[in-house]
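Q:
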Ligand code: NAD
Ligand code: UFG
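Numbering (the working numbering), first residue to last: 8 to 353.
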């Protein structure tokens, strides 16, 4: 069976592609390489001990942009020509910087929203109506110290979050138009960090990272002198913000479970939180990283970052009960695996 993975060379897409290949699926991967490189595919192939023949048979890479609908159609056609039509889509491709999204809203709307619209139109045209979508915890209205349920109010406060919540609306509209055909899972991720246990693939953003974990890795490698912690005056145990960090392989497994769930179920649209349900403060994450990896992470406190929430932790009970999925890895594992990968990188 063939699956299309958009954004398949990015952080979450590459780790999920690895699991899909392990399960025996043929992949059609689309990526513009704006924030990644197709080199990761060779590494995935080496982890899986693929021969050159396996590689060219199972991994069909197409460099291109979802903003170009005729390009997407070409990829679907190519699968049909090989007599292995695409039957489901894992849609990771998107831009994800909160700061950049507020600065360049048109770029974000065009890339995330128009890209998804083009994808959906092409899926419908090709009678492919099973979709796993990368949504985000950033769409929820902020809450004080309570774990977030899927039924919480939606109220994003940045353009990035607006694009994600609007895409969710578009997916609901698609489902409503043909409720007997679409199978859609909106997976709302919390904070994925870490890397594959092999140490061969991890998070490799192009340009300057904004997220805490790639910055910790840079400081640990002495490529950046100091980590700036955004505020120590939040109403939390140690004054720094709390997040629900989830091991990238647990997140990737969540996608496989969601796909297996959709495959077995009747047409439906479902939104699920993928987090561990455990909160860790920024300071707690840094101290764990230092302890398990025996490295120094110099830090200093600066003012709060605009748009940050104090406490963002998932109530993951719906995903656990519906999917039978359970995150397995601890914050220590996330720190160890992330460092195992990063310390060997140039
Ligand atoms: P990433 O940047 O590593 O991967 C996204 C990939 O999509 C990149 O390889 C990029 O080159 C590609 N891409 C971007 N726009 C494209 C387009 N128009 N056409 C084709 N390819 C395009 O990011 P990630 O962390 O792997 O995130 C994957 C998805 O999950 C994104 O949609 C992101 O918004 C969402 N998400 C991520 C997080 C997180 O913390 N990493 C949290 C919540 C949601
Ligand atoms: N932080 C610092 N210093 C830094 C970077 C981050 O103190 O240099 C802090 C932030 O203030 C926040 C925490 O580390 O308290 C985590 O920040 P990230 O930027 O790593 O992650 P966010 O929680 O802000 O957002 C991330 C993704 C979003 C996604 C969201 C889901 O960037 O795309 O998780 O919860 F939607």
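Just so you know, even glycine gets a beta-carbon here, dropped at the ideal spot from N, CA and C.
Touch check for the segment 160-175 and the segment 223-242: three-plus C-beta pairs under 8 Å?
A: Touching, no.
Q: Cβ of residue 16 within 7 Å of any heavy atom in ligand 4?
A: Although ligand 4 was asked about, the structure shown includes only ligand 1 and ligand 2 as ligands.
Q: Give the range of the beta strand (DSSP E) segment to which residue 192 is assigned.
A: Residue numbering aside, residue 192 sits at position 185 when the chain shown is read from its first letter. Run containing residue 192: 190-196, per the beta strand (DSSP E) assignment.
Q: Quick one: what's got a C-beta closer than 6 Å to residue 33's C-beta in the same chain, skipping five residues either side?
A: Locating residue 33 in the chain shown gives position 26, where the first residue counts as 1. Within the same chain, residue 33 has close Cβ partners 9, 65 and 91.
Q: Since I believe residue 204 is in contact with residue 133 (beta carbons under 8 Å), could you give me their beta-carbon distance rounded to a whole number of angstroms?
A: For the purposes of this step, residue 133 is taken as residue 126 along the chain shown, with counting starting at 1. For the purposes of this step, residue 204 is taken as residue 197 along the chain shown, with counting starting at 1. The Cβ separation is near 36 Å, so there is no contact.
Q: I need the DSSP call for residue 249, collapsed to helix, strand or coil.
A: Along the chain shown, read from residue 1 onward, the residue named residue 249 stands at position 242. Residue 249: strand per DSSP, three-state reduction.
Q: Answer yes or no: do residue 167 and residue 108 have a C-beta to C-beta separation smaller than 8 Å?
A: By 1-based counting over the chain shown, the position of residue 167 is 160. By 1-based counting over the chain shown, the position of residue 108 is 101. Yes.
Q: With distances taken Cα to Cα, identify the nearest neighbour of residue 208 among 36, 39 and 43.
A: One-based indexing of the chain shown puts residue 208 at position 201. Comparing Cα-Cα distances from residue 208 to each of 36, 39 and 43, the minimum goes to 43.
Q: Tell me whether residue 143, by its Cβ, gets closer than 7 Å to a heavy atom of ligand 2.
A: On the chain shown, position 136 is the one that residue 143 refers to. Yes, since a heavy atom of ligand 2 falls inside the 7 Å radius drawn around the Cβ of residue 143.
Q: Regarding residue 232 and ligand 2, is the C-beta to nearest heavy atom distance less than 7 Å?
A: Position 225 of the chain shown holds residue 232. Incorrect: residue 232 has no Cβ contact closer than 7 Å to ligand 2.
Q: Any heavy atom of ligand 1 closer than 7 Å to the CB of residue 99?
A: Working through the chain shown from its first residue, we reach residue 99 at position 92. Answer for residue 99: yes, Cβ within range of ligand 1.
Q: Is any heavy atom in ligand 1 found nearer than 7 Å to the beta carbon of residue 193?
A: Taking the first residue of the chain shown as position 1, residue 193 is located at position 186. No - ligand 1 has no heavy atom lying nearer than 7 Å to the Cβ of residue 193.
Q: Per DSSP, which one or two residues make a beta bridge with residue 138?
A: As a position in the chain shown, residue 138 is number 131, starting the count at 1. According to DSSP, which records beta bridges pairwise, residue 138 is partnered with 96 and 191.
Q: For residue 12, list the residues DSSP reports as bridge partners.
A: Your numbering for residue 12 matches position 5 in the chain shown. In the DSSP output, where bridge partners are listed per residue, residue 12 has 36 and 97.
Q: If you compare alpha carbons, which of 250, 100 and 105 is closest to residue 121?
A: In the chain shown, counting from the first residue as 1, residue 121 sits at position 114. Looking at the Cα atoms, 100 is the closest of the given residues.
Q: Does the beta-carbon distance from residue 37 to residue 71 come in below 8 Å?
A: Within the chain shown, numbered from 1, the residue matching residue 37 stands at position 30. Within the chain shown, numbered from 1, the residue matching residue 71 stands at position 64. Yes.
Q: Helix, strand or coil for residue 111 per DSSP?
A: Stepping through the chain shown from its first residue, residue 111 is reached at position 104. Looking at residue 111 - three-state DSSP - the assignment turns out to be coil, as it is neither helix nor strand.
Q: Give me the Cβ distance between residue 295 and residue 342, rounded to the nearest whole Å; I'm assuming they're in contact under 8 Å.
A: By 1-based counting over the chain shown, the position of residue 295 is 288. By 1-based counting over the chain shown, the position of residue 342 is 335. Their Cβ separation, rounded to whole angstroms, is 5 Å, which keeps residue 295 and residue 342 in contact under 8 Å.
Q: By the DSSP assignment, the alpha helix (DSSP H) with residue 52 in it spans what residues?
A: Taking the first residue of the chain shown as 1, we reach residue 52 at position 45. Its alpha helix (DSSP H) spans residues 46-54.
Q: Given a threshold of 16 other Cβ atoms within 10 Å of its Cβ, counted over all protein chains shown, does residue 153 qualify as buried or as exposed?
A: As a working note, residue 153 is residue 146 in the chain shown. By the neighbour-count rule (16 or more Cβ atoms within 10 Å), residue 153 is not buried but exposed.
Q: For residue 68, which residues from the same chain have a beta carbon less than 7 Å from its beta carbon, with the 5 sequence-adjacent residues on both sides left out?
A: Within the chain shown, residue 68 is the residue found at index 61, counting from 1. The residues are 36, 45 and 48.
Q: Where do the ends of the beta strand (DSSP E) carrying residue 237 lie?
A: To locate residue 237, count along the chain shown from 1; it is residue 230. First-last of the beta strand (DSSP E) with residue 237: 234-237.
Q: DSSP puts residue 254 in a beta bridge; with which residues?
A: On the chain shown, position 247 is the one that residue 254 refers to. DSSP, once it has assigned bridges, lists 200 as partnering residue 254.
Q: If you draw a straight line from the C-alpha of residue 186 to the C-alpha of residue 88, how long is it?
A: Taking the first residue of the chain shown as position 1, residue 186 is located at position 179. Taking the first residue of the chain shown as position 1, residue 88 is located at position 81. Their backbone Cα atoms lie some 29 Å apart in a straight line.
Q: Can you give me the Cβ contacts of residue 27 inside the same chain, cut-off strictly under 8 Å, excluding the 5 residues immediately before and after it?
A: Indexing the chain shown from 1 puts residue 27 at position 20. Within the same chain, residue 27 has close Cβ partners 10, 12, 34, 97 and 263.
Q: The alpha helix (DSSP H) that contains residue 170, what's its start and end?
A: Here residue 170 corresponds to residue number 163 of the chain shown, with the count starting at 1. Run containing residue 170: 166-184, per the alpha helix (DSSP H) assignment.
Q: Say the cut is 7 Å; is the CB of residue 198 nearer than that to a heavy atom of ligand 2?
A: As a first step, residue 198 must be located in the chain shown, where it is residue number 191. True, at least one ligand heavy atom lies under 7 Å from that Cβ.
Q: For residue 217 and residue 104, which I take to be in contact (beta-carbon distance under 8 Å), what is that distance rounded to the nearest angstrom?
A: As a working note, residue 217 is residue 210 in the chain shown. As a working note, residue 104 is residue 97 in the chain shown. So it is a contact: roughly 6 Å between Cβ atoms.
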